[in-house]
Amino acid sequence: MTNVKVNSVAKTYGTTPVLADITTEFADGSFTSLLGPSGSGKTTLLRIIAGFIKPDQGLVMIGNNDVTDVPVWGRNIGMMFQSYALFPHMTIAQNVAFGLERRGIRGAEARRQVDRALEMVRLPGFGDRTPKQLSGGQQQRVALARAIVIKPSVLLLDEPLSALDRRLRQEMQVELLRIQRESGLTTIFVTHDQEEALTLSDKVAILDKGRIVQIGEPETVYEKPLTRFSAEFLGDSNFLTGAVEDGAVRLADGSLIKSTSILPATGSTVTLAIRPEKMAIASGSTAENSIKARITTVIYAGPVLSYHLETADGLPLKLFAQNRDGTVLKEGDEISLTWSAQHTVAVAD
Amino acid sequence: MKSLGRFYLIATLVFLYTPILVMMAMGFNESQLYELPFTFSTRWYDALWNNKILLTAGMNSIIIALITSVVATALGTMASVALSRRTFRGKSLLQLMLLPPIAIPWLITGTAMLIFFYWSGIGRGMHALLIGHVALAIPYVVLVVGTGFRTIRADLEEAAMSLGSTPVHAFFSVTLPLLYPSILGAALFAFAVSLDQFVISYFLATPGYTTLPVQIYSSIRKGFTPEINAISTVLLLGSMTVILIFARFAKPGDTRDKR
Amino acid sequence: MRNDQLTLAPARGPSGPRNGRALPPWVSTTALLMPTYGWLTIAVFLPLLTMFAFSFLSATPMGKAPIVFTLKQYRAFFDQPYLVGIGITSLLIGFWTTLICAILGFLAAVALVRSTFGKTREMLLILILLPFWTNGLVRVFSWTMVLRENGFLDSLLHMVAPDAGSIGFLYTRYAIVVGLVHGYLPYMILTCYIALVTIDDAIIEAAASLGARWWTILFKILLPLAAPGLISGAVLTFVPVIGSFMEPRILGGRVGVTMGTVIEDQFTQAFNWPLGASLSFTLLAVVLAIFATFSGVLRRGTAA
């Protein structure tokens, strides 16, 4: 069992709190993404788990061991860095064997394990080359091989794909997922790329200002955001604010919006989040909710049309529509938007 | 515009190198009074071989430069490790303290050393010269090695530690091998700084123990012969060679590309 | 592979290879820094302090004369008015050397950045800097070969006009300035080059597309952008120049009396160490004032 637990971990630099009392668990064999803007504390959390940073308070557990006071080199972690961090003065094989050597594995056994790790990342026979002779994507694979060959208790990835171009990044995502599944390593992945987080992870943790604001499976976090921040940071959202009335929400313009979320007490103010792709242009039959708006900008992106709209109150809205029949609405068109109560999520501010 | 620029650069080089080349040529001229027409002769170089004073001074210079290079490189590299890779209070003050040996005119530093060494009983001579030369070379070593450190990403050491290296092992197995060119460059640089140092040596040398530049200076003031041109040529070519080798390790003025 | 198998890896201890504990970091940091700063203290900082103390002594403590603390060494500027004249000479030599270096060096840096590239530029840069790192004394000496009567300059002239007189100007202040410019020009080129090389070509193209002619580009774009390099180059030229003594001595002869040579004399000829110390310290005060004034630019200049 090598799950990872952090318990009431906090870190302050000078007077700026970077992490405020984080408690969470990363299950054995799971792939968790730490997602957040820069300065949210995601990298700090990863580096605390790695042991590069000592938390001011709290515990870090890897498996059943309290490693809070164990230095990096005693934690048996595998780590991938944004810059690959391959040792430029060593061959690929020497790079991969570095951690094995530190564990007393040398000679034929080390060679066998290095070869197997390079095969796993699909770079068999690259052992004698130097990092300089490899492309960025290949270097990244070597870094992965070097991190997993030591059979770490946990694999920590610090934005390792951010330096790659888009196509290569997608390739590496598939590769990373395959290797993670094969090895069954508990993996923690720091990223600021929401799409990457959604595609790769079993769980996504959204961090804001040093706190985990939401953690859960990607679908849950996306479909049922708990806060305005997570609704906005993960994907796009429209927000409507009103007062709770008869189990629904009364907007300023008088219209009543229904939601399947649990709403606060009657009379209190609540914010509702609706994903732009969950809205549709009303044509005859309408879903439970609707609102009128005027198109301000049309963005034609091929398969998807994205409209920026404005309600009579000046509230900005977004709508993503599938380009089914090739009709494109024009700026200035007045339309009615409709969506279901089930896609209307009450969020905390 | 391009050709005008190139012409100007060539003119600059002519200005920089003409006196040096003239000086070198005169070392091969027969006439003792530098009279023209030019008659090729190696008599001044032959005379050099028999000039015990200049040869001894030259030997002293080389020995001092060697010792300075080794000591300053060792000390400066150690300091550079702390200044480049550690965070601690008062670091910027320590960095500032490296500047006086470089930035204060050597005349001031040299006379100050003379006073202090006399007053404290350290005295003058070889050991005093060594103390002075090492102090002047250390800041350059810290600078050159520090530049080398900046080309080595800190996360290489972190990667090593994540794989099980202690900080000490990470330093010796990852950072130091990558730092060798810079350290070697710094050693060459320290050698050149010491070899060419005149002002400090001038105040700390004794009549019985001088270095080549000090000896050249007193010869120039006494009235010189082409023998001085000969030994100057040797000294100049020697330090140019050292600097060119250094330039192969660390390109001066072009450090930004490596960061 | 499953995790329960992975834990069978021959790791030392339950959680990794070694549970080694490092010393507190300040111990090793201090150990690393001690030798260098100890050395600098003995070789530079204590000497400067001692010199400061010496500058208040009434006489060099070598003879039998009683030593008392006095400010008289600092009154020398009033008691011996010729020192003021020498001070002004030093400042003037510093001013002209710096100005000429700045103009020639800036233009050379512009030429390097705008007219050369790649390997050629790299080689030119090394060629320009090479003399700077060779023996200054020898370079000053080499100018005597050129500037003296019947020297190289005269020979060149006599090839064109055999009957002309001598134009050699060794042992004049001009000779001192020429020698000093020769010494510090490479450094000025380097600092200007470092400032200029970061300028994006697009900026100049943008200016040209807006109708700027070359002089506008030179004075309105390149000069302001090179300013930090120019200033740090100027400071690092001016400071050593006002402290120079072998250049005035060798190239100036009898007219080459500057602060530097006067200080040298106090230590090597007159043996009036307290006066030498007070003059050195006055010079140091000027130097520190210059550094303090330009510290912001210098820091940015060297960080560039």
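In order, the protein sequence lines correspond to chains A, B and C. Each residue of the first sequence is one higher than the one before, counting from 152 in the working numbering. Each residue of the second sequence is one higher than the one before, counting from 975 in the working numbering. Each residue of the third sequence is one higher than the one before, counting from 2 in the working numbering. Just so you know, even glycine gets a beta-carbon here, dropped at the ideal spot from N, CA and C.
TODO: Kindly list, in the order they appear in chain C, the residues whose Cβ is closer than 7 Å to that of B/Gly-1106.
DONE: By Cβ distance, chain C contributes Ala-44.
- [ ] Drop a sphere of 10 angstroms on the beta-carbon of C/Phe-107, count the other beta-carbons inside from all chains shown, and report buried for 16 or more, exposed for fewer.
- [x] In the assembly as shown, C/Phe-107 is a buried residue. Its beta-carbon has 16 or more other beta-carbons within 10 Å.
Open item on the list: With distance defined between alpha-carbon atoms, name the residue in B/Ile-1205, B/Thr-1140 and B/Leu-1057 nearest to B/Leu-1186.
Closed with: Across the set B/Ile-1205, B/Thr-1140 and B/Leu-1057, the C-alpha of B/Ile-1205 shows the shortest separation from the C-alpha of B/Leu-1186.
Open item on the list: Quick check: A/Ser-181 and A/Thr-337, are their CB atoms within less than 8 Å of each other?
Closed with: Cβ atoms of A/Ser-181 and A/Thr-337: closer than 8 Å.
Task: B/Asn-1203 (DSSP reduced to helix, strand or coil) - done: Helix at B/Asn-1203.
Open item on the list: Rounded to whole angstroms, what is the Cα-Cα separation between A/Leu-186 and A/Gln-291?
Closed with: For A/Leu-186 and A/Gln-291, the distance between alpha carbons rounds to 21 Å.
Task: Contacting residues, own chain, Cβ-Cβ under 7 Å from C/Pro-187 (five flanking each side not counted) - done: Hits under 7 Å: Ile-129, Leu-130, Pro-132 and Phe-133.
Task: Neighbour list for C/Ile-251 in chain B, Cβ cutoff strictly below 9 Å - done: Within chain B, the residues near C/Ile-251 are Tyr-1191, Ile-1194 and Arg-1195.
Task: chain A within 8 Å of B/Met-1135, Cβ atoms only - done: It does: the Cβ of B/Met-1135 has a partner Cβ on chain A nearer than 8 Å.
- [ ] Please report how far the alpha carbon of A/Asp-279 lies from the alpha carbon of A/Asp-344, in whole angstroms.
- [x] C-alpha separation (whole angstroms): 34 Å.
Task: Under the three-state DSSP convention, the category C/Asp-202 falls into - done: Three-state result, C/Asp-202: helix.
TODO: May I ask which residues mark the beginning and end of the alpha helix (DSSP H) holding B/Ala-1086?
DONE: Looking at the DSSP string, the run of the alpha helix (DSSP H) that includes B/Ala-1086 is 1080–1094.
Open item on the list: On the criterion of 16 or more Cβ atoms from any shown chain inside 10 Å, does C/Gln-74 qualify as buried, or is it exposed?
Closed with: So C/Gln-74 ends up on the buried side.
TODO: Counting only runs of 4+ residues fully inside the segment 141–192 of chain C, write out the alpha helix (DSSP H) ranges in chain order.
DONE: The segment 141–192 of chain C contains these whole alpha helix (DSSP H) runs: 153–161.
TODO: Less than 8 Å between the CB atoms is what I'm expecting for A/Glu-416 and A/Val-395, so what's the real figure, rounded?
DONE: In the sequence as presented, Glu is not what sits at residue 416 of chain A; that position holds Ala. The C-beta distance from A/Ala-416 to A/Val-395 rounds to 7 Å, short enough to fall under 8 Å.
Task: Whether A/Ser-330 touches A/Leu-295 by CB criterion (8 Å) - done: Inspection of the sequence shows that residue 330 of chain A is occupied by Ile rather than by Ser. The beta carbons of A/Ile-330 and A/Leu-295 sit closer together than 8 Å.
Task: For C/Ala-196 and B/Tyr-1154, the rounded distance between their alpha carbons - done: Each residue's Cα considered, the two are about 29 Å apart.
TODO: Answer yes or no: do B/Leu-1130 and A/Phe-238 have a C-beta to C-beta separation smaller than 8 Å?
DONE: Yes, the Cβ-Cβ distance between B/Leu-1130 and A/Phe-238 is below 8 Å.
Task: Under the three-state DSSP convention, the category A/Arg-362 falls into - done: In the structure shown, the three-state DSSP call for A/Arg-362 is strand.
Open item on the list: Using a Cβ-Cβ cutoff of 7 Å, what residues of the segment 139–165 of chain C are near chain B? List them in chain order.
Closed with: Interface annotation for the segment 139–165 of chain C against chain B: Val-139, Arg-140, Phe-142, Ser-143, Trp-144, Met-146, Val-147, Phe-153 and Ser-156, criterion Cβ-Cβ distance under 7 Å.
- [ ] Starting from A/Tyr-235, follow the alpha helix (DSSP H) in both directions and report where the run begins and ends.
- [x] That residue, A/Tyr-235, is in no alpha helix (DSSP H); it is neither H nor E in DSSP.
- [ ] Could you say which of C/Val-161, C/Met-189, C/Arg-149 and C/Ser-156 lies nearest to C/Phe-170 if we only look at CA atoms?
- [x] C/Phe-170 has its Cα closest to that of C/Arg-149, out of C/Val-161, C/Met-189, C/Arg-149 and C/Ser-156.
Task: Under 8 Å from the C-beta of B/Leu-1153: neighbouring residues of chain A - done: For the C-beta of B/Leu-1153, not a single chain A residue is nearer than 8 Å; the gap to the nearest is close to 10 Å.
Task: Every unbroken alpha helix (DSSP H) within the segment 336–424 of chain A, with a cutoff of 4 residues, ordered by chain - done: Listed in chain order, they are 345–351, 369–374 and 379–384.
Task: Interface residues of chain A facing B/Arg-1127 [CB-CB closer than 9 Å] - done: Identification of chain A residues near B/Arg-1127 by a Cβ-Cβ cut-off of 9 Å yields Phe-232, Ser-234 and Ala-236, ordered along the chain.
Task: Reference B/Val-1142; option with closest CA among B/Ala-1056, B/Thr-986 and B/Ile-1112 - done: Selection B/Ala-1056, B/Thr-986 and B/Ile-1112 evaluated against B/Val-1142 yields B/Ala-1056 as nearest (Cα-Cα).
Task: Beta-bridge pairing of A/Val-155 - partner residues as DSSP gives them - done: A/Val-155 is bridged to A/Phe-177 and A/Ile-213.
- [ ] With B/His-1101 as the anchor, note down where its alpha helix (DSSP H) starts and where it stops.
- [x] From DSSP, the alpha helix (DSSP H) with B/His-1101 extends over 1100–1125.
TODO: Using a Cβ cut-off of 8 Å (strictly closer), state whether B/Trp-1018 contacts chain C.
DONE: Interface annotation, B/Trp-1018: not in contact with chain C, CB-CB separation never under 8 Å.
- [ ] Work out the CA separation of C/Ser-167 and C/Phe-153 for me, nearest whole Å.
- [x] Straight-line measurement puts the Cα of C/Ser-167 at about 11 Å from the Cα of C/Phe-153.
TODO: Give the secondary structure of A/Ile-446 by DSSP, where H, G and I count as helix, E and B as strand, and everything else as coil.
DONE: The three-state reading of DSSP puts A/Ile-446 in strand, counting E and B together.
Task: Residues bridged to A/Asn-440 [DSSP beta-bridge criterion] - done: Per the DSSP secondary-structure output, A/Asn-440 pairs in a beta bridge with A/Trp-490.
- [ ] Consult DSSP for A/Gly-229 and reduce its assignment to one of helix, strand or coil.
- [x] It is a strand residue.
TODO: Measure the C-alpha to C-alpha separation of C/Lys-221 and C/Ile-200 and round it to an integer number of angstroms.
DONE: Each residue's alpha carbon lies about 13 Å from the other.
Open item on the list: In whole angstroms, give me the CA-to-CA distance for A/His-459 and A/Leu-470.
Closed with: Looking at the two C-alpha atoms, the distance is approximately 7 Å.
TODO: Go through its chain and collect everything with a Cβ distance to B/Ser-1175's Cβ below 7 Å, but skip five positions before and after it.
DONE: Excluding residues within five positions, the ones whose Cβ falls inside 7 Å are Leu-1103, Thr-1185, Pro-1187 and Val-1188.
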